[in-house]
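Undergrad: Would you mind keeping the following structure in view while I ask a few things?
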């Protein structure tokens, strides 16, 4: 509708139509978060990392959170509404949180509240298996967002889980491999254009086309130079962060000692 109005040179009407649609979609997404699942606010990645590092916050992996992830970056309905509203958001956050929520449901044997229980899943109803499943779910989310199974494993290894078992390596590899196969099958199935952007890689971040790209020596040198510059600035950033944290630690220790001495004087 907006494109049609633009072609007819009705720019004000086109702007009003676009703004109204985006406002309605954004309001619907915000209402879902505010009234149904407040724990769904945010990207979801910090919550998943917090759970895998020992913080079990309320409802961060609940079924309601799965269906109402919102606030710009979300999963299922919230994500659909926010992306449709034109928000400058990514899909990696909701995909990671969605995978973790689904894995959490499997680890709990389903949901009694919503009468979705499966008896054969009761064998996974313990904390260790649930954490392992959520780790695999987070890896699957990254693999599906970027179509990068190895990237999903590395995300789970480096970013998500602070305690890593050797058995998790092949489990996450198997999970992300299944994700890559299923994703590839769906993309080929929808390659005729019947599925919208999905068949064209529109739902995959940094999609790689079949076109052959030729690189020259200056291109490679530029990439190497950017890598060196990025490494230097990254090391400098880590050094400065370490100094700031040490300074804050000294200041906090001095303040606590001052308070302690003043309270006993």
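Residue numbers (UniProt numbering): 1 to 265.
Beta carbons are placed, not taken as given, at the ideal position from N, Cα and C, and that holds for glycine.
It should be emphasised that the depicted structure is a prediction, and the values quoted were computed from it without experimental measurement.
(1) Within 10 angstroms of the Cβ of residue 192, are there 16 or more other Cβ atoms? Answer buried if so, exposed if not.
(2) Can you find at least 3 beta carbon pairs, one from the segment 153-167 and one from the segment 48-67, that sit closer than 8 Å?
(3) Is the beta carbon of residue 14 within less than 7 Å of some heavy atom of the ligand FMN?
(4) Relative to the alpha-carbon of residue 43, which residue among 35, 61, 36 and 56 has its alpha-carbon at the smallest distance?
(5) Using alpha carbons as the reference points, say which of 64, 230, 231 and 1 lies closest to residue 98.
(6) With 16 other CB atoms within 10 Å as the buried threshold, where does residue 74 fall?
(7) How many Å lie between residue 189 and residue 180 at the Cα?
(8) Just how far apart, CA to CA, sit residue 186 and residue 194?
(9) Between the Cα of residue 155 and those of 165, 172, 166 and 167, spot the shortest distance and give me the residue it belongs to.
(10) Going by DSSP in three states, residue 228 sits in which element: helix, strand or coil?
(11) Would you please state the rounded distance, in angstroms, between the beta carbons of residue 277 and residue 143? I believe it to be under 8 Å.
(12) Assuming residue 139 and residue 175 make a contact with CB atoms under 8 Å, what is their CB distance in whole Å?
(13) Grab the span of the alpha helix (DSSP H) containing residue 142 for me, first residue to last.
(14) Quick check on the burial criterion: 16 or more other C-beta atoms within 10 angstroms. Buried or exposed for residue 288?
(15) Can you grab the Cα-Cα spacing for the pair residue 135 / residue 48, in whole Å?
(16) Which word fits residue 242, buried or exposed, when buried means at least 16 other C-beta atoms lie within 10 angstroms of its C-beta?
(17) Express the C-alpha separation of residue 7 and residue 45 in angstroms, rounding to a whole number.
(18) Tell me the rounded alpha-carbon separation between residue 287 and residue 91.
(19) Closest to residue 169 by CA distance: which of 149, 126, 184 and 234 is it?
(20) What's the C-alpha gap between residue 19 and residue 145?
(21) Going by alpha carbons, who is nearest to residue 105 out of 96, 95 and 133?
(22) What's the call for residue 1, buried or exposed, on a 16-neighbour Cβ count within 10 Å?
(23) If you draw a straight line from the alpha carbon of residue 230 to that of residue 218, how long is it in whole angstroms?
(24) Would you mind working out which of 225, 131, 127 and 66 sits nearest residue 102, comparing C-alpha positions?
TA: The relevant details are as follows:
(1) Taking the chain shown and counting its residues from 1, one reaches residue 192 at position 192. By the neighbour-count rule (16 or more Cβ atoms within 10 Å), residue 192 is not buried but exposed.
(2) yes
(3) Questions concerning the ligand FMN fall outside what the structure shown contains, since it holds no ligand whatsoever.
(4) For this step, residue 43 is matched to residue 43 along the chain shown. It is 61 whose Cα lies nearest to the Cα of residue 43.
(5) Here residue 98 refers to the residue found at position 98 of the chain shown. Among 64, 230, 231 and 1, the Cα nearest to that of residue 98 belongs to 64.
(6) Taking the first residue of the chain shown as position 1, residue 74 is located at position 74. Below a pLDDT of 50, predicted positions are generally treated as unreliable, and residue 74, at 46, falls in that range; the measurement from the model is reported next regardless. Counting Cβ neighbours within 10 Å, residue 74 comes out buried, since at least 16 surround it.
(7) Against the chain shown, residue 189 aligns to sequence position 189. Against the chain shown, residue 180 aligns to sequence position 180. Roughly 14 Å between the two C-alpha positions.
(8) In the chain shown, residue 186 corresponds to position 186, counting from 1. In the chain shown, residue 194 corresponds to position 194, counting from 1. Whole-angstrom Cα-Cα distance: 11 Å.
(9) Counting from one through the chain shown, the residue named residue 155 turns up at place 155. It is 172 whose Cα lies nearest to the Cα of residue 155.
(10) The residue given as residue 228 occupies position 228 in the chain shown. Reduced to three states, the DSSP call for residue 228 is helix.
(11) Here the chain has residues from 1 to 265 only, and residue 277 is not among them.
(12) For the purposes of this step, residue 139 is taken as residue 139 along the chain shown, with counting starting at 1. For the purposes of this step, residue 175 is taken as residue 175 along the chain shown, with counting starting at 1. The pair is a contact, with the Cβ atoms about 6 Å apart (cut-off 8 Å).
(13) Reading the chain shown from its first residue, position 142 is the one you call residue 142. From DSSP, the alpha helix (DSSP H) with residue 142 extends over 127-146.
(14) Limits of the chain in this structure are 1 at one end and 265 at the other, which puts residue 288 out of reach.
(15) For the purposes of this step, residue 135 is identified with residue 135 of the chain shown, where counting begins at 1. For the purposes of this step, residue 48 is identified with residue 48 of the chain shown, where counting begins at 1. Taking the straight line from one Cα to the other gives about 9 Å.
(16) Sequence index remark: in the chain shown, residue 242 carries index 242 (1-based). Under this definition residue 242 is an exposed residue.
(17) Taking the first residue of the chain shown as position 1, residue 45 is located at position 45. Taking the first residue of the chain shown as position 1, residue 7 is located at position 7. Distance between the alpha carbons of residue 45 and residue 7 is about 41 Å.
(18) Residue 287 is absent from the structure shown; the chain starts at 1 and stops at 265.
(19) Within the chain shown, numbered from 1, the residue matching residue 169 stands at position 169. Comparing Cα positions, the closest option is 149.
(20) Sequence index remark: in the chain shown, residue 19 carries index 19 (1-based). Sequence index remark: in the chain shown, residue 145 carries index 145 (1-based). For residue 19 and residue 145, the distance between alpha carbons rounds to 28 Å.
(21) In the chain shown, the residue the question calls residue 105 occupies position 105. Residue 105 has its Cα closest to that of 133, out of 96, 95 and 133.
(22) Here residue 1 corresponds to residue number 1 of the chain shown, with the count starting at 1. Classification of residue 1: exposed, given that the 10 Å Cβ count is below 16.
(23) In the chain shown, counting from the first residue as 1, residue 230 sits at position 230. In the chain shown, counting from the first residue as 1, residue 218 sits at position 218. When rounded, the distance between both Cα atoms is 18 Å.
(24) The residue labelled residue 102 in the question sits at position 102 within the chain shown. Cα-wise, what sits closest to residue 102 is 66.
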